Every structure is written in C-alpha cells, then in structure tokens.
Amino acid sequence: MKEVIKTYKLSKSYKNCNALIDVNINVNQGDIYGLVGNNGAGKTTLLKILTGQSQLSRGSFELFSKSSEKDLNLVRKRTGVIIETPSFYPKLTVFKNMEYYRLQRGIPGKEKIDKVLKEVGLYEAKKKKFEDLSLGMKQRLGLALAMMNEPDLLILDEPINGLDPSGIIEIRNLLLKLNKEKNITILISSHILTELSNIATCYGFLNKGRLVEELSAKDLEKKCQSFLEVKVTNSKKLAALLEQNLGYKEFKVISEDVIQVFDINRSPEEISELAISNKIGLMALDEKSIDLESYYMSLMGVAENA
Ligand SMILES: Nc1ncnc2c1ncn2[C@@H]1O[C@H](COP(=O)(O)OP(=O)(O)OP(=O)(O)O)[C@@H](O)[C@H]1O
Numbered sequence: 561m562k563e564v565i566k567t568y569k570l571s572k573s574y575k576n577c578n579a580l581i582d583v584n585i586n587v588n589q590g591d592i593y594g595l596v597g598n599n600g601a602g603k604t605t606l607l608k609i610l611t612g613q614s615q616l617s618r619g620s621f622e623l624f625s626k627s628s629e630k631d632l633n634l635v636r637k638r639t640g641v642i643i644e645t646p647s648f649y650p651k652l653t654v655f656k657n658m659e660y661y662r663l664q665r666g667i668p669g670k671e672k673i674d675k676v677l678k679e680v681g682l683y684e685a686k687k688k689k690f691e692d693l694s695l696g697m698k699q700r701l702g703l704a705l706a707m708m709n710e711p712d713l714l715i716l717d718e719p720i721n722g723l724d725p726s727g728i729i730e731i732r733n734l735l736l737k738l739n740k741e742k743n744i745t746i747l748i749s750s751h752i753l754t755e756l757s758n759i760a761t762c763y764g765f766l767n768k769g770r771l772v773e774e775l776s777a778k779d780l781e782k783k784c785q786s787f788l789e790v791k792v793t794n795s796k797k798l799a800a801l802l803e804q805n806l807g808y809k810e811f812k813v814i815s816e817d818v819i820q821v822f823d824i825n826r827s828p829e830e831i832s833e834l835a836i837s838n839k840i841g842l843m844a845l846d847e848k849s850i851d852l853e854s855y856y857m858s859l860m861g862v863a864e865n866a
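Reading the sequence shown from the start, the letters are residues 561 to 866 in my numbering.
So this is what it looks like as structure tokens:
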C-alpha cells in the first residue's frame, strides 16, 4: 500500500502552548482519513504544517514519500487544500470567481473550470453570483477550487462545519465520489465524529495536541458494536470454555471476574448454562453497547486524565 502522508513525532510549540506533541499519523493511498478532535486539539496546526503554511518545531513528515523542502514543494502541487474558507467575490459569478483563481495560480487551460464545476455539481450554477449560493454550494465551490490542479490528495479542514443536514450529505457524497472515481486520497478534519462516520475509512483522534488513537473504520465499528458483559467468579476459566466448548472467538477478559463477548452468534442462555454446568458462579449477564459519540467521549476523557 502506498503511503501518502506519514508523520514522525511531529511537534509544534507556540510561545504559550504545545499545539502538537509527538504526532505520528499514517495516511495511505485511497484512504479517507478523518482527523477528529475538539476545538484547540491541533487539527488545523497539523494540516497547516503538511501544506507548508506553518513550520514544525520538532519531528518530521513525508508527503508521497518525500521529505526535503524541494521535493515537498513539488508534491504539494499534487495536493488540493481547503484550510480557511477561500474568499470569493460576492458579486462575481461562480465561473468568474474560478477564472480569477485559475489565473492567479497560473493554472493553464480555461476548459478546466467547466470540467471541475461538473465534478462538484456546480456546472448548472456557473452563471450564479457567489452571494446567491447556498452554504453547501459555497463549500462545493471551495472544493472545486481545491480540485482545479487535478490533485491526488485533498486536505480539508472542517469542510462540513456549519452546514445543514442536506449540505452535509451533499459534501459527503461528493467526497465519496471523488475518492472512488478519481482515487483521490482525502485527509479531512472535524470536531464531530459522527459527521465523518459515513465516509472515513480510518481515523486519527487528536486530544490536546496528542494523537490518542489511530484506527480503521472497521476497527472503530467493532469497538462500537454491542456485546455481552458477563460477571462470573472465574473469568479466565469461562474464557477457555467459551472457546473450547462453544467455539466463540470474539471475547475479551476485562478482569478476574468480567468478560465481554462480541461473537455475533453469542447466546446468553448458552453462556449461563456453560458457566453453571462447570461450577462457575454467574453474578450478572448484560447486553451492552457503546455508540460512536460515547466512544469518542471516553477516548477524550481517558486522555484528559492520563
Ligand atoms: N498562531 C498561533 N499562535 C499561538 N497559538 C496558536 C496559534 N495557532 C494555534 N494556536 C494554539 O494551538 C492549539 C491548537 O490549535 P488548532 O487551531 O490547531 O486547533 P484545532 O484542533 O484546529 O481547533 P479548531 O477546531 O478550534 O480549529 C490551540 O491551543 C491554539 O490556541
């Protein structure tokens, strides 16, 4: 798998705060990587360093396996960025705004504008003034701008922020399309995990400048699924029996008296019979689950107390 972004103990200190502390993230080709963290967690700082808008204090990073300043400048040409909302001219049309930026950035080929407006679904609105667009359309115009240099990587800082539910769906679908059809790798930040949960293929959780967890969407889903929590007098003995007698594979011994069972085919009756017939005292058996937001809160809470 090709690595697109890799950071090594990336750190950034300002006068009065450490915005990033030893951050190691790994983004591979084709990923939609959700960078999630509360306000002030360090998301924008990280994205600004990757895009060359800010300098790191310690550590290093690679973009498309390149790390020298000269190479980074070259590979950044393959990157589309939205960090602060680009300032468009309210009285100019969608097309004219795009043309202004195309010329300013020295991108050849006027026909690129129509192409990219079609890709983000704004072609029909190309004669509309910017001030008459919905917020979702304005965000899509920002994306069109980021797409103008036909990037392999998009770096987007909170592009969903402030959108209404239908605007969120529009942007999500668009990002999914760009990722699937054009194989564009996407690094996208948000302070709301559930906003990314329908599109991200992997996540990095930032809290107070530290990466507290990096995991795939599949692993996050597993962590958030429902499970049976069994309280018994001897959890290790029950664990061995679950495996040998019932063929369960997905369980976790939490402590001397607690096991969590994740197997899809788990049966509370089967487990209680197994415990009783093997003289293991059964104290409790509860179906539990954790949703995405609770998982996120627990992750942030754990990190806060660390
Ligand atoms: N130019 C700066 N000078 C001093 N401190 C800064 C500067 N930029 C950011 N910070 C601090 O660095 C920390 C991380 O900020 P950053 O903007 O990266 O967080 P964020 O996760 O993007 O938050 P938000 O979601 O609010 O944008 C914060 O404590 C912030 O106050």
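Note that CB positions come from ideal geometry on N, CA and C, so glycine has one too. Predicted model only: the values in this text are computed from it and were never measured.
- Annotation for V564: the continuous beta strand (DSSP E) segment containing it runs E563 to S573.
- A straight-line Cα-Cα distance of about 18 angstroms links I643 and E755.
- CA-CA distance, I715 to Q589, rounds to 13 angstroms.
- Pairwise C-beta distances place the segment 725-733 out of contact with the segment 649-659, as fewer than three of them are shorter than 8 angstroms.
- G602 has its Cβ nearer than 7 angstroms to a heavy atom of ligand 1.
- If the five residues before and after S750 are omitted, its C-beta is found closer than 7 angstroms to the C-beta atoms of G594, V596, E718, I720 and L756, all from its own chain and listed in chain order.
- The beta carbon of E816 sits closer than 7 angstroms to the beta carbons of S795 from its chain, once the five residues preceding and following it are set aside; these are given in chain order.
- Judged by DSSP secondary structure, I729 falls within the alpha helix (DSSP H) whose first and last residues are P725 to K742.
- Under the DSSP definition of a beta bridge, R665 lacks any partner.
- In this structure V680 is in contact with L734, their Cβ atoms being roughly 6 angstroms apart against a cut-off of 8 angstroms.
- Apart from the 5 residues on each side of it in sequence, G612 sits with its Cβ closer than 8 angstroms to the Cβ of L632, N633 and R636 in its chain, given in chain order.
- Note on geometry: alpha-carbon atoms of S571 and K686 lie some 42 angstroms from one another.
- For G597, the distance from the CB to the nearest heavy atom of ligand 1 is below 7 angstroms.
- In the three-state DSSP reduction, L771 falls in the strand class (E or B).
- If you ignore the 5 residues before and after N576, its C-beta comes within less than 8 angstroms of no other C-beta in its own chain.
- For V818, DSSP records a beta bridge to K791 and S815.
- Distances from the alpha-carbon of M707 to those of E684, P725, S694 and L677 put L677 closest.
- In the DSSP assignment, V596 falls within the beta strand (DSSP E) that extends over I592 to V596.
- Beta-bridge partners of E622 (DSSP): K566.
- A777 and A760 have their C-alpha atoms roughly 7 angstroms apart.
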